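Undergrad: Here's a structure for you.
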Amino acid sequence: MLQARWLNLVLILTSRIYEQKQQLTRRSGFKAIFNVFNLIFLELLLSFVSLPLYVGMKSSRVTAYLEEKSDYTKINFDYNLRRILTLTSVSVIFFIWLVKLLLIILAPVIFGPIQLYSVSDLKSVDLLQEEVIMSETGIQTAKVFDEMIIPELTKIDKLRGGDYRFYGIGQPQTKIVLLISDSQTIILVGDIDDQGEWQVDLVRDELKLSEGNHSILAFGFDEEKEVRSQLSYRQYFKSQDILINKLLKNSDIFINSSITIIIILGIFLTILTL
């Protein structure tokens, strides 16, 4: 009984759409424009209301009373056409959103060593000439001690989640200071162990590197003596997002645009078949 009432509601909306389509050919100006928007609204309403019916009832089971014939007659063609258009559109939209969900959950992040570049003809300049505001007063006022070992950056790893880990060697039991070029210079400070090795992490959630090439300068800092080493030679690395991450960044725009186009195309095709 409920199914029959639901089907009658679908048929009523379909009949109203037929009437609007017939009136559209006899109207012009603002009335015609209003009629078009009214048709679009009715088509959207019909798709929403008829979706459960289209899922549960095949066209071979659908009948309707046609007044001019005074009898029940199959309306397979019209019902089946609308059923195909609606279910196809919904399936495509569901598939697009499913792909988006899978990309967000399962997208792999490429990680591992990043290639380092060095430029031999560049000379290291004094830290004060870099116009960098130090976050620690001790580092800012430290004097250059020529006998202090100049640290060396040996490797960079890109970790899961977009974090970076910098490895190198330097003078044991001192601190390592990294200067990374970006829109604003990033300063990272870490400890050098007894073996003269160090590693410093750049956490994406705290500091996010922009895409492109970045230069790195490093120097050692002795906190007790308040002296620092000379700057290391300048090295370069490239920060870039993989294709999956780029798709994720623009996924909302792409998916929402695709769904809008599908809905408009479905409405257009449905109106043409009236």
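With numbering that gives the first Met the number 0 applied, the sequence shown covers 0 to 273. Positions of the beta carbon are idealized from the N, C-alpha and C atoms, including for glycine. Bear in mind that the values here come from a model prediction, so they are computed numbers and not experimental data.
Quick check: the Cα distance between K224 and E151, rounded to an integer number of angstroms?
TA: On the sequence shown, residue 224 is found 225 positions in, with the first residue counted as 1. On the sequence shown, residue 151 is found 152 positions in, with the first residue counted as 1. Computed Cα separation, rounded: 21 Å.
Undergrad: Do I175 and V199 have their CB atoms nearer than 9 Å?
TA: To locate residue 175, count along the sequence shown from 1; it is residue 176. To locate residue 199, count along the sequence shown from 1; it is residue 200. Yes, they are a contact pair.
Undergrad: State the beta-bridge partners of V199 as determined by DSSP.
TA: Position 200 of the sequence shown, counted from the start, is the residue given in the question as residue 199. The partner list for V199 (beta bridge, DSSP) reads F165.
Undergrad: Among residues of its own chain, excluding the 5 on either side of L45, which ones have a beta-carbon nearer than 8 Å to its beta-carbon?
TA: Counting from one through the sequence shown, the residue named residue 45 turns up at place 46. Cβ neighbours of L45 beyond the five flanking positions: V9, L12, T13, I16, R81.
Undergrad: Sort out for me which residues DSSP pairs L187 with in a bridge.
TA: Indexing the sequence shown from 1 puts residue 187 at position 188. According to DSSP, which records beta bridges pairwise, L187 is partnered with L177.
Undergrad: Can you give me the Cβ contacts of S180 inside the same chain, cut-off strictly under 7 Å, excluding the 5 residues immediately before and after it?
TA: Position 181 of the sequence shown holds residue 180. If we look at S180 and ignore the five residues flanking it on each side, its Cβ neighbours are H213, S214.
Undergrad: Tell me whether S228 is buried or exposed, calling it buried when 16 or more other Cβ atoms sit within 10 Å of its Cβ.
TA: Position 229 of the sequence shown, counted from the first residue, corresponds to residue 228. Per the 10 Å Cβ criterion, buried.
Undergrad: Please state whether the Cβ-Cβ distance between R233 and L216 is less than 9 Å.
TA: Counted from its first residue, the sequence shown places residue 233 at position 234. Counted from its first residue, the sequence shown places residue 216 at position 217. It is a contact, given that the beta carbons lie within the stated cut-off.
Undergrad: Confirm, please, whether the CB-CB distance from Y163 to E196 is below 9 Å.
TA: As a working mapping, residue 196 is identified with position 197 in the sequence shown. As a working mapping, residue 163 is identified with position 164 in the sequence shown. Result no, Cβ atoms of E196 and Y163 do not sit closer than 9 Å.
Undergrad: Compute the distance between the beta-carbons of A141 and D221, then report whether it is under 9 Å.
TA: Stepping through the sequence shown from its first residue, residue 141 is reached at position 142. Stepping through the sequence shown from its first residue, residue 221 is reached at position 222. Yes, the pair counts as a contact, with Cβ atoms nearer than the cut-off.
Undergrad: Are there 16 or more other CB atoms within 10 angstroms of the CB of Q194, so buried, or fewer, so exposed?
TA: One-based indexing of the sequence shown puts residue 194 at position 195. The residue in question, Q194, is exposed, as its Cβ has fewer than 16 Cβ neighbours within 10 Å.
Undergrad: Can you tell me the Cα-Cα spacing of L43 and F36, whole angstroms?
TA: Mapped onto the sequence shown, residue 43 falls at position 44. Mapped onto the sequence shown, residue 36 falls at position 37. C-alpha separation (whole angstroms): 11 Å.
Undergrad: Go ahead and label S182 buried or exposed: buried means 16 or more other beta carbons lie within 10 angstroms of its beta carbon, across all protein chains shown.
TA: Position 183 of the sequence shown holds residue 182. Exposed is the call here.
Undergrad: For the beta strand (DSSP E) containing D221, list its first residue and its last residue.
TA: Taking the sequence shown and counting its residues from 1, one reaches residue 221 at position 222. From DSSP, the beta strand (DSSP E) with D221 extends over 211-221.
Undergrad: Which residue wins for smallest C-alpha separation from K86, given the options L41, V48, T184?
TA: Residue 86 sits at position 87 when you count from the first residue of the sequence shown. The question names Lys, yet the displayed sequence has Leu at residue 86. Residue V48 is the option with its Cα nearest to L86.
Undergrad: CB-CB under 8 Å to F144, same chain, minus the five flanking residues each way: which ones, in chain order?
TA: Your numbering for residue 144 matches position 145 in the sequence shown. D221, K224, V226, R227, S228, listed in sequence order.
Undergrad: Does DSSP put Q170 in a helix, in a strand, or in coil?
TA: In the sequence shown, counting from the first residue as 1, residue 170 sits at position 171. Reduced to three states, the DSSP call for Q170 is coil.
Undergrad: Given a cut-off of 9 Å on the beta-carbon distance, is the pair L201 and F218 in contact?
TA: Counting from one through the sequence shown, the residue named residue 201 turns up at place 202. Counting from one through the sequence shown, the residue named residue 218 turns up at place 219. Cβ distance not < 9 Å, so L201 and F218 don't count as in contact.
Undergrad: By how many angstroms is the C-alpha of T153 removed from the C-alpha of L187?
TA: Taking the sequence shown and counting its residues from 1, one reaches residue 187 at position 188. Taking the sequence shown and counting its residues from 1, one reaches residue 153 at position 154. Answer to the nearest angstrom: the Cα atoms are 16 Å apart.
Undergrad: Using DSSP with H/G/I as helix, E/B as strand and the rest coil, what is Y232?
TA: The residue you call residue 232 lines up with position 233 of the sequence shown. It is coil, neither helix nor strand.
Undergrad: Take S238 as the anchor and find which of K157, P171, D192, I185 has the nearest alpha-carbon.
TA: For the purposes of this step, residue 238 is identified with residue 239 of the sequence shown, where counting begins at 1. Closest by alpha carbon: K157.
Undergrad: Do D192 and P171 have their CB atoms nearer than 9 Å?
TA: Translated into positions along the sequence shown, residue 192 becomes position 193. Translated into positions along the sequence shown, residue 171 becomes position 172. Contact: yes.
Undergrad: Can you tell me which residues form a DSSP beta bridge with D237?
TA: Within the sequence shown, numbered from 1, the residue matching residue 237 stands at position 238. Here the sequence assigns Lys to residue 237, which means Asp is not the residue at that position. Paired residues: N212.
Undergrad: When the Cα atoms are used, what is the spatial distance from G161 to L178?
TA: On the sequence shown, position 162 is the one that residue 161 refers to. On the sequence shown, position 179 is the one that residue 178 refers to. Approximately 19 Å, taken between the alpha carbons.
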